[in-house]
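Student: Respectively, the protein sequence lines represent chains A and B.
Taking the working numbering as reference, the numbering of the first sequence is continuous, increasing by one, and the terminal residue is 399.
Taking the working numbering as reference, the numbering of the second sequence is continuous, increasing by one, and the terminal residue is 1079.
Please read through the structure below; I'll follow up with questions.
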Amino acid sequence: MKYMHEYRQAVTIRQLADKIAAVTRQHWTIMEVCGGQTHAIVKYGLQQFLPAQIELVHGPGCPVCVTSIDIIDKAIDIAARPNVIFCSFGDMLRVPGSEKDLQSVKALGGDIRIVYSPMDALTLAQHHPDKEVVFLAIGFETTAPANAMAAYQARKKGINNFSLLTSQFLVPPAIEAMCQSPQSRIQGFLAAGHVCAITGYESYPKLAEKYGVPIVVTGFEPLDILQGIFLCIQQLEQGRSEVENQYSRVVRQQGNLPAQQMINEVFECQSQSWRGIGHIEQSGLKLSEAFRPFDAEQKFGLRDKVSSANNKYDTAGCISGDIMQGLKKPCDCIHFGKQCRPESPIGAPMVSSEGACAAYYRYATFNESDTFNKNAAFNKSDTFNKSTTSEKTTTRRDQ
Amino acid sequence: MCLAIPGKIEDILNALPMERTGTVSFGGIRKEINLAFVPEADPGDYVIVHAGFAISKINATEARRIFDLLACDETDAPC
Ligand code: SF4
C-alpha cells in the first residue's frame, strides 16, 4: 500500500541503522510514547538494528491500557442493563474490571457491539430509537475529534438516545509527569505522530527545554521509528534538547485546526486517573456543560459511583504502571507468559493490540531457558523478514 | 488505538462541511470515511484515517524526504 510498504524496505532500514550506529557513542534510554510504535518496534524486531547502548522503553500511549478500572466497571454496569446497546472498540471487551470484563456481560446476553467508528454507534442510535445506545469513548487526542463529532452530531440532530462514557487522555501532561519523576531514566522521547497530527507540536518546545529532553515527533513505520531514533540520538550526542518533526508527511506544526476546534467545542480539560500510573492533573477531557445530556455517567446515575480500590487485579502484582513509565519491561513481570496471557489477561497491556505485554508475547521469541532475553530474542538474519510477513511465523512459547 | 492508515480519496459522497464524507481506498478495500477534518483534501489525495475519520492529508513532497536523505530509490521492493 502506498505510504506504507516503502517505509518497510530492509535495504533502507539497514542504511539508517548504520547511520544510527555511526553517531552513537554513549548509553541512551529513549521512550516511544505510543503503543502503536511499541508494537512496530517489537513486531519488526527493530532493537536488533540498534547499537547495544540504545535502550528503548515503552510509554503510556495505549488508551486501552490506561483506562481506569472505575470506567470499565461503569461500562459493565451500563452494558448489563436491559434496553441498552453498548458500543465499544474491540480491544476493550477483554480488559479486566474489578470483578469481570465486558465479554462476560456479552456472554450473559448483554447487547454489546464492536464498532469501527463512534459514528457507527450514532447510526445505531438513529436506527434503534427505542434503545439507549452508549459508546465507550476512549482515546488520546487522535480519537478525541471523532468522539467529539459523534456528540456534536447527536446534539445537532437531537439523537437523545445516544450517550458517551468518556475516558479521554492527553499526552503532554503525561510526558511532563514522567519527566518530573525522580525515578525516570528517560533521556529522549519519540512523540506519538498521530496524536500530533491533531494537536501539532507547539506545546513541546517548553517541555524539551525545561527538562532537557529531545522530543522527536515520530511516525509508525519501521523507517519512521529508526529515523526518529536517529534524530533523537544525534541531539543527545550533541547535547541538544529540541523538538524535531520526523513525521512531516502527516504532522504540521499547528496540527489539525478543524479537529482542534471540534475538541474545544465539545470537551473541557479535567484531571484524569491513569490505570497503573495514578492521577495526573489536567491530563484528560470530559464533555463540557452543553453536552452533559450526552454523558452516560450522568444519564445512568453513575457520576459519583466509585469502584472498590482493592480489586483483585490491581493487587495481583501486575506491573503495567512501571512498564508504561519506562521503569520495567514486560519480561520483568512474574506473571508474563505464565498466568498472564492474551487469552487470560491479568492486566490491560496483555489485552490491547497496542499493549507492551501483548506485543512481547505475540512477536518476541524466547531462548532455551524459557525466559525472555532481550538480546537473544532477535535473529539478525531472518527476524525482519519473518515479522513482516505474518505474526504467525514468529516463534512463540508453547502453550 | 491510535493506529491510523493511509488511503486514497476516490470520491466525495457528502459535501456538507460538517458531514463531509467520501470513499477512501485502502489498497483496493473501499470504505466510506468522514472527511470533515480535512476540508483541503480532494479526490486523488492520500489521507491518514483513524476510527472512521481522515485526520491529516499526506504531503507528498515531505513523504519523499527520508528517501532523499538516504539517497535511495523509494520504489525498491519491500522486504
Ligand atoms: S504481563 Fe500481565 S500482569 Fe504482568 S504487567 Fe503485563 S499485563 Fe500486567
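All residues carry an ideal CB built from backbone N, CA and C; glycine is no exception.
1) Quick one: what does DSSP say A/I138 is sitting in, helix, strand or coil?
2) Could you compute how far the alpha carbon of A/S390 sits from the alpha carbon of A/R362?
3) Applying the 10 Å Cβ sphere with the 16-neighbour rule, what's the burial state of A/E176?
4) Mind pulling the chain A residues with CB within less than 9 Å of B/I1055?
5) Rounded to whole angstroms, what is the Cα-Cα separation between A/Q339 and A/S98?
6) Consult DSSP for B/N1034 and reduce its assignment to one of helix, strand or coil.
7) Find out if the Cβ-Cβ distance for the pair A/N245, A/Y201 is shorter than 8 Å.
8) Would you call the CB atoms of A/V217 and A/G193 closer than 8 Å?
9) Going by C-alpha distance, which of A/H5, A/K329, A/V243 and A/V266 is nearest A/M149?
10) What are the boundary residues of the alpha helix (DSSP H) that A/K74 is part of?
11) Please list the partners that A/Y360 has in chain B, where partner means a Cβ-to-Cβ separation under 7 Å.
12) I'd like to know whether the C-beta of A/T218 is nearer than 8 Å to at least one C-beta of chain B.
13) Assess contact between the stretch 1053-1067 of chain B and the stretch 1026-1043 of chain B, defined as three or more Cβ pairs (one per stretch) separated by less than 8 Å. Is contact present?
14) How would you list, in chain order, the residues of chain B whose beta-carbon sits under 8 Å from the beta-carbon of A/L223?
15) Can you confirm whether A/Q272, when its beta carbon is compared against all beta carbons of chain B, has any partner nearer than 8 Å?
16) Could you tell me the distance, in whole angstroms, from the CA atom of A/L236 to the CA atom of B/K1031?
17) Name the DSSP beta bridge partners of B/P1006, please?
18) Have a look at A/E281 and A/S163 and give me their C-alpha separation to the nearest angstrom.
19) B/L1016 touches chain A at which residues, Cβ-Cβ below 8 Å?
20) May I ask you to report which of helix, strand or coil DSSP gives A/E221?
21) Quick check on this structure: which residue in A/P258, A/G109, A/C87 and A/S68 has the alpha carbon closest to the alpha carbon of B/R1020?
22) Step through the CB atoms of chain A and report whether any lies within less than 8 Å of the CB of B/A1041.
23) Taking 8 Å as the limit between beta carbons, can you name the residues of its chain near A/A309, skipping five residues before and five after?
24) In chain order, what are the residues with a CB under 5 Å from some non-hydrogen atom of the ligand SF4?
25) For B/A1036, which of A/C34, A/Q26 and A/M119 has the nearest alpha-carbon?
26) May I ask you to list, following chain order, the residues of the stretch 112-129 of chain A that have a beta carbon less than 8 Å from some beta carbon of chain B?
27) Sorted by chain position, which residues of the same chain lie with C-beta nearer than 6 Å to A/T383's C-beta, five sequence neighbours on each side aside?
28) Could one say the Cβ of B/L1013 lies closer than 8 Å to chain A's Cβ atoms, at least one of them?
29) Jot down the residue ranges of each uninterrupted alpha helix (DSSP H) in the stretch 186-257 of chain A, minimum 4 residues, whole runs only, in chain order.
30) DSSP on A/H27, reduced to helix/strand/coil?
31) When we look at the beta-carbon of A/R303 and count the other beta-carbons within 10 Å, is it buried (16 or more) or exposed?
32) Is there a Cβ from chain B that is less than 8 Å from the Cβ of A/G347?
33) Taking 8 Å as the threshold, find out whether the stretch 120-130 of chain A comes into contact with the stretch 32-51 of chain A through three or more Cβ pairs.
34) Hey, A/L56 and A/Q48 are a contact pair by Cβ (cut 8 Å); roughly how many whole angstroms apart?
35) Kindly identify the DSSP beta-bridge partner or partners of B/V1024.
Tutor: On the basis of the supplied data:
1) strand
2) Because A/S390 sits at a pLDDT of 36, beneath the cut-off of 50, its placement in the model cannot be relied upon, and the following sentence gives the value as read from the coordinates. About 11 Å.
3) buried
4) T142, P145, A146, H194, A197, I198, V250, N256 and A259
5) 17 Å
6) strand
7) yes
8) yes
9) A/V266
10) I69 to A79
11) Within 7 Å Cβ-Cβ: nothing; A/Y360 doesn't reach chain B, min ~18 Å.
12) no
13) yes
14) I1066
15) no
16) 43 Å
17) B/I1048
18) 25 Å
19) Simply none; closest approach about 11 Å.
20) coil
21) A/P258
22) no
23) Reliability of the predicted coordinates at A/A309 is poor, the pLDDT of 48 falling under 50, and no value is obtained from them.
24) A/C318, A/I319, A/S320, A/C333, A/H335, A/F336, A/C340, A/I346, A/G347, A/P349, A/M350 and A/C357
25) A/M119
26) Y116, S117, P118, M119 and D120
27) Caution applies to A/T383, whose pLDDT of 36 falls short of 50 and renders its modelled position unreliable; the value that the coordinates give is listed next. Within the same chain, A/T383 has close Cβ partners G45.
28) no
29) 193-199, 204-211 and 222-237
30) coil
31) exposed
32) no
33) no
34) 11 Å between Cβ atoms; not a contact.
35) B/I1009 and B/K1031
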